[in-house]
Each structure stands twice: as structure tokens, then as C-alpha cells.
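Here the structure comes first, spelled out in C-alpha cells, and everything after it is commentary.
Numbering (our numbering), first residue to last: 2 to 212.
Quick look at the structure:
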């Protein structure tokens with residue numbers, strides 16, 4: 002009987018040690034857990050020429066890579082007095098402003114509105130509020146037309162992009178059921194790129210006499 006008790010105590014020792022080790026590991030994991038990512042705020046005001054506040058303008062932060070812009074985080078819209086406030090995680094962002102039809106879509110820069118994302122000023126956000134990220138939006142100009150296929154068949158669902166002479170993307174549209182597209186762009190010169198996601202029709206650029 003004494004032998005059995007001694008044997009039982011011998012087996013319980015490693016179990017107790019294992020339990021203590023597990024608790025220690027768990028405690029270390031809790032202590033080492035990373036803190037939540039810090040967030041900051043970007044705030045400003047959007048106006049038209051002459052200082053007229055613009056409401057309902059979509060504002061979004063994004064990152065720039067290879068002259069392309071990728072939206073990050075939430076989106077907000079300007080209030081009745083043209084102000085906005087956007088919460089983002091710490092990082093560097095280019096701020097994009099867009100309107101459905103009346104005003105041009107573009108980015109904030111310290112020199113004013115720019116349509117080309119490569120010219121945008123990237124804002125470094127930490128855990129504070131970055132204020133006075135203000136922009137004056139120019140009116141949008143329209144480029145419109147009709148896309149047809151062989152036999153003058155009207156083509157819907159065709160993508161039409163406006164690009165600068167350097168190939169920087171500015172605006173996009175998709176043809177409707179009547180083959181019509183409309184692009185809203187700031188003043189400037191553009192190349193129009195036409196593409197079909199289904200690959201039924203070849204991609205190319207508008208030349209005045211077709212692709």
C-alpha cells in the first residue's frame with residue numbers, strides 16, 4: 002500500500018509541473034499580447050471656388066503604390082458646412098475626394114487639388130488629429146460617347162477610362178444598355194482606354210476613327 006502511494010506521488014509531480022508551466026506560458030502570452038493599433042483623425046473642409054461649402058462629397062483615405070491608389074478603412078461624406086472627419090489607423094495616406102457628377106474627383110495636396118494621385122500629398126497619421134486638410138474642388142467636365150461593335154451593335158458593360166498622357170488613371174465609366182458612357186473629369190487632355198472584361202471585344206484607345 003505504501004508502494005502504491007509513493008508511486009502516485011511520483012506521477013503527480015510532473016503533472017503539477019506541467020500545469021504550472023502551462024499557466025506560466027498563458028500568462029506570458031497575455032502579457033505579450035500586442036496593443037491595439039493606434040488610430041488618428043484626418044479633418045478638413047471641402048469647398049467650391051469662391052468658398053462655397055460642399056456637402057455630400059465622399060472622402061476616403063488610401064495608400065499609394067506604383068502611382069495607383071488603394072482605399073483603406075472607412076469612408077465619410079462632408080456635412081452641410083463642407084467639413085469632414087475621418088478616423089484611420091496610423092500610417093501614411095493620400096486623401097481622395099469624389100462627387101457623382103458636379104465636381105471633379107481628385108486628391109489633396111499642399112498646393113491644392115490634384116487629379117493625378119502621383120502628385121498627391123501623403124499625410125502621416127499617428128494618434129492625433131491632423132486638421133486643415135482642406136481642398137477646393139473644381140467643376141467636372143464631361144466626356145461622353147457611344148461604344149458599338151461590328152454592325153453598329155450597341156455594347157453594354159464596356160469599361161471606358163480617362164488617362165493622362167503619362168497613363169495615369171483619372172476617371173472611369175461603364176457603358177449602359179444603349180452603349181453610352183459618361184466620364185467626369187477636371188480640365189485637361191486625356192486618352193480614352195476602352196476594354197471588355199469578357200474579352201469578347203479587343204481593348205484599345207480611342208483615336209477619333211475607332212480603336
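For glycine and all other residues, C-beta sits at the position ideal for the given N, C-alpha and C.
Extent of the continuous beta strand (DSSP E) to which residue 93 belongs: 92-99
In whole angstroms, what separates the C-alpha of residue 144 from that of residue 186? 8 angstroms
Collapsed DSSP secondary structure at residue 152 in the structure displayed: helix
N- and C-terminal bounds of the beta strand (DSSP E) containing residue 162: 160-164
Which residue or residues does DSSP assign as beta-bridge partners of residue 114? Per DSSP, none; premise fails for residue 114.
Are the beta-carbon atoms belonging to residue 165 and residue 191 less than 8 angstroms from one another? yes
DSSP three-state call for residue 62: helix, strand or coil? strand
Exposed or buried, what is residue 99 when buried is set at 16 or more other beta-carbons lying within 10 Å of its beta-carbon? buried
What whole-angstrom Cβ distance do residue 180 and residue 149 have, given they're in contact under 8 angstroms? Indeed, because the Cβ distance is near 6 angstroms, the residues count as touching under 8 angstroms.
Using a threshold of 8 angstroms, state whether the C-beta atoms of residue 123 and residue 65 are closer than that. Taking the C-beta atoms as reference points, residue 65 is found nearer than 8 angstroms to residue 123.
Roughly how many angstroms lie between the CA atoms of residue 46 and residue 104, to the nearest whole one? Each residue's alpha carbon lies about 15 angstroms from the other.
According to DSSP, is residue 105 part of a helix, a strand, or is it coil? coil
Can you tell me whether residue 1 is buried or exposed? The criterion is at least 16 other CB atoms within 10 Å of its CB, across all chains shown. Since the first residue of the chain shown is 2 and the last is 212, residue 1 is not available in this structure.
So is residue 87 buried or exposed if we call it buried at 16+ other beta carbons inside 10 Å? Residue 87 should be labelled buried.
Where do the ends of the beta strand (DSSP E) carrying residue 144 lie? 142-147
Please classify residue 172: does DSSP put it in a helix, a strand, or coil? strand
Do the stretch 58-78 and the stretch 150-165 make contact, defined as three or more Cβ pairs closer than 8 angstroms? no
Taking all protein chains shown into account, decide if residue 106 is buried (16 or more other Cβ within 10 angstroms of its Cβ) or exposed. buried
Answer yes or no: do residue 126 and residue 94 have a C-beta to C-beta separation smaller than 8 angstroms? yes
Residue 77 and residue 60: beta carbons closer than 8 angstroms? yes
Option nearest residue 51 by Cα separation, candidates 140, 134, 116 and 209: Considering only alpha carbons, the answer is 140.
What does the Cβ neighbour count give for residue 79, buried or exposed, with the cut at 16 atoms within 10 Å? buried
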